[in-house]
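Numbering (full-length UniProt numbering), first residue to last: 1 to 346.
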């Protein structure tokens with residue numbers, strides 16, 4: 001799973017990232033006790049954008065220029081941030097945070113489906129196709145539509161829409177934004193800025209709801225925006241630069257586990273045996289989908305070059321996704337041909 005080790009510091013950073021990413025669903029659930037879904041999404045975007053813009057200012061990075069780039073960023077902001085952020089806030093009104101974390105982890109499955117449909121996915125080994133089937137069987141097991149106790153609901157469907165939206169956004173970014181010479185952090189800052197504007201347009205519809213503030217709600221909103229959105233992106237970018245895309249991608253395997261454990265310990269959620277079994281099946285499917293093909297020795301040099309290129313490009317795709325941009329970046333760097341762009345963003 002790991003190509004190289006970063007020592008205790010690298011492992012500590014990986015643990016912090018897993019905790020921040022995996023706790024996103026916990027903080028959303030807490031924030032929803034006092035804020036509407038639109039309010040939660042807007043506050044999160046504002047705070048996350050502020051953190052990344054400050055980072056750009058400190059690093060003296062300029063925002064992208066040119067109308068074409070900003071038009072592409074607008075599309076990316078919708079599919080990679082605005083729509084999924086809103087769907088998570090809406091969905092978690094009725095879905096436990098742990099279940100939300102696992103459903104969010106299905107993004108690689110949707111990415112593979114999209115690649116097959118568009119004809120851009122070249123790695124169609126039986127193990128990956130089998131993983132796709134296993135993963136969706138796990139989702140079906142969690143939903144259990146044949147039982148009244150199943151988790152199928154508008155909320156759970158909204159979270160699946162969010163996961164699929166990420167897949168669409170990542171493919172679009174790989175085709176139109178990545179590898180164009182603009183620093184990844186600058187792209188990310190511009191993308192979050194546009195996301196905030198898109199969410200602001202929805203405030204008249206859901207942003208004027210009555211607010212029930214408490215210390216817990218305020219803390220949840222602050223941590224969600226500053227730590228789980230802004231700071232997480234900064235740490236992701238740093239880790240990709242230091243450890244490589246593949247090592248950073250390994251954090252993605254911990255996210256569903258963290259979200260489930262936090263939901264049970266902090267919120268007292270009880271997912272049930274069937275839901276836990278479905279989660280395990282989903283994780284097995286994800287592992288099969290992300291399994292890399294063996295490369296001959298002659299490809300080692302090109303693989304290293306592709307990984308480095310994917311790490312730099314993928315950092316800009318990491319903002320906002322609850323799944324780790326690094327996870328998808330690593331997949332792109334490892335499985336795509338050298339000229340190909342990354343396929344995914346957390």
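Backbone N, C-alpha and C fix where the C-beta goes; we use that ideal spot for every residue, glycine too.
1) Check each candidate in 212, 258 and 179 and name the one with the smallest Cα separation from residue 25.
2) If you pair each beta-carbon of the stretch 112-123 with each one of the stretch 229-238, do three or more pairs fall below 8 Å?
3) Between which two residues does the alpha helix (DSSP H) containing residue 104 stretch?
4) Ordered along the chain, which non-local residues of its own chain (more than five positions away) have a Cβ less than 6 Å from that of residue 361?
5) I need the straight-line Cα distance from residue 192 to residue 172, nearest angstrom please.
6) Count the other CB atoms within 10 Å of the CB of residue 266; is the residue buried (16 or more) or exposed (fewer)?
7) Does the beta-carbon distance from residue 58 to residue 221 come in below 8 Å?
8) For the 8 Å Cβ check, are there 3 or more pairs between the stretch 47-64 and the stretch 4-23?
9) Could you spell out where the alpha helix (DSSP H) holding residue 231 opens and where it closes?
10) Can you tell me whether residue 144 is helix, strand or coil according to DSSP?
11) Report the residue from 170, 129, 235 and 153 whose alpha carbon sits nearest the alpha carbon of residue 93.
12) Counting pairs of Cβ atoms below 8 Å between the stretch 185-199 and the stretch 121-134, do you hit three or more?
13) In angstroms with no decimal places, state the Cα-to-Cα distance between residue 179 and residue 22.
14) Return the CA-CA distance between residue 206 and residue 52, expressed in angstroms with no decimal places.
15) Please classify residue 213 as buried or exposed, where buried requires at least 16 other C-beta atoms within 10 Å of its C-beta.
16) Any idea what DSSP makes of residue 131, helix, strand or coil?
17) Helix, strand or coil for residue 34 per DSSP?
18) In this structure, does DSSP put residue 19 in helix, strand or coil?
19) Please say whether residue 107 and residue 18 have beta carbons closer to each other than 8 Å?
20) Using CA atoms only, rank isn't needed, just tell me which of 261, 289 and 134 is closest to residue 99.
21) What does the alpha-carbon distance come out to for the pair residue 253 and residue 102?
22) Would you say residue 22 faces chain C, with C-beta separation under 8 Å as the test?
23) In three-state DSSP terms, what is residue 242?
24) Ignore the nearest five residues each way along the sequence and tell me which others in residue 34's own chain have a CB closer than 7 Å to its CB.
25) Is the beta carbon of residue 68 less than 8 Å from the beta carbon of residue 177?
26) Going by the beta-carbon positions, is the gap between residue 45 and residue 199 smaller than 8 Å?
27) Using only alpha-carbon positions, find the residue among 28, 74 and 16 that is nearest to residue 219.
28) Drop a sphere of 10 angstroms on the beta-carbon of residue 131, count the other beta-carbons inside from all chains shown, and report buried for 16 or more, exposed for fewer.
Looking at the atomic coordinates:
1) Position 25 of the chain shown, counting from 1, holds the residue named residue 25. Closest by C-alpha distance to residue 25, out of 212, 258 and 179, is 258.
2) Result no; under three Cβ-Cβ pairs closer than 8 Å.
3) Numbered from its first residue, the chain shown carries residue 104 at position 104. 97-104 is the extent of the alpha helix (DSSP H) around residue 104.
4) Shown here, the chain extends from 1 to 346; a query on residue 361 therefore has no answer.
5) Residue mapping note: residue 192 aligns to position 192 of the chain shown, counting from 1. Residue mapping note: residue 172 aligns to position 172 of the chain shown, counting from 1. About 16 Å.
6) In the chain shown, residue 266 corresponds to position 266, counting from 1. With fewer than 16 Cβ atoms within 10 Å of its Cβ, residue 266 is classed as exposed.
7) Numbered from 1 along the chain shown, position 58 holds the residue referred to as residue 58. Numbered from 1 along the chain shown, position 221 holds the residue referred to as residue 221. Contact: no.
8) Segments in contact, no.
9) Taking the first residue of the chain shown as position 1, residue 231 is located at position 231. Element bounds for residue 231: n/a, residue is neither H nor E.
10) Indexing the chain shown from 1 puts residue 144 at position 144. Correct three-state label for residue 144: coil.
11) Against the chain shown, residue 93 aligns to sequence position 93. Among 170, 129, 235 and 153, the Cα nearest to that of residue 93 belongs to 153.
12) Contact between the stretch 185-199 and the stretch 121-134 is absent, because fewer than three Cβ pairs lie under 8 Å.
13) As a working note, residue 179 is residue 179 in the chain shown. As a working note, residue 22 is residue 22 in the chain shown. Taking the straight line from one Cα to the other gives about 29 Å.
14) Counting from one through the chain shown, the residue named residue 206 turns up at place 206. Counting from one through the chain shown, the residue named residue 52 turns up at place 52. Their backbone Cα atoms lie some 26 Å apart in a straight line.
15) Residue numbering aside, residue 213 sits at position 213 when the chain shown is read from its first letter. Per the 10 Å Cβ criterion, exposed.
16) For the purposes of this step, residue 131 is taken as residue 131 along the chain shown, with counting starting at 1. DSSP, reduced to helix, strand and coil, places residue 131 within a helical segment of the structure shown.
17) Locating residue 34 in the chain shown gives position 34, counting from the first residue. In the structure shown, the three-state DSSP call for residue 34 is coil.
18) Along the chain shown, read from residue 1 onward, the residue named residue 19 stands at position 19. DSSP, read as helix, strand or coil, puts residue 19 in helix.
19) In the chain shown, the residue the question calls residue 18 occupies position 18. In the chain shown, the residue the question calls residue 107 occupies position 107. No, Cβ-Cβ distance for residue 18 and residue 107 is not below 8 Å.
20) Here residue 99 corresponds to residue number 99 of the chain shown, with the count starting at 1. Residue 261 holds the alpha-carbon nearest to the alpha-carbon of residue 99 among 261, 289 and 134.
21) One-based indexing of the chain shown puts residue 253 at position 253. One-based indexing of the chain shown puts residue 102 at position 102. So the two alpha carbons sit approximately 10 Å from each other.
22) Chain labels in this structure do not include chain C; a single protein chain is all it has.
23) Here residue 242 refers to the residue found at position 242 when the chain shown is read from its first residue. Of the three classes helix, strand and coil, the one that applies to residue 242 here is helix, per DSSP.
24) Locating residue 34 in the chain shown gives position 34, where the first residue counts as 1. Around residue 34: 211, 212, 213, 214 and 217.
25) Within the chain shown, numbered from 1, the residue matching residue 68 stands at position 68. Within the chain shown, numbered from 1, the residue matching residue 177 stands at position 177. No, the Cβ-Cβ distance between residue 68 and residue 177 is not below 8 Å.
26) Residue 45 sits at position 45 when you count from the first residue of the chain shown. Residue 199 sits at position 199 when you count from the first residue of the chain shown. Yes, they are a contact pair.
27) Locating residue 219 in the chain shown gives position 219, counting from the first residue. Of the candidates 28, 74 and 16, the one whose C-alpha sits nearest the C-alpha of residue 219 is 28.
28) Within the chain shown, numbered from 1, the residue matching residue 131 stands at position 131. So residue 131 ends up on the buried side.
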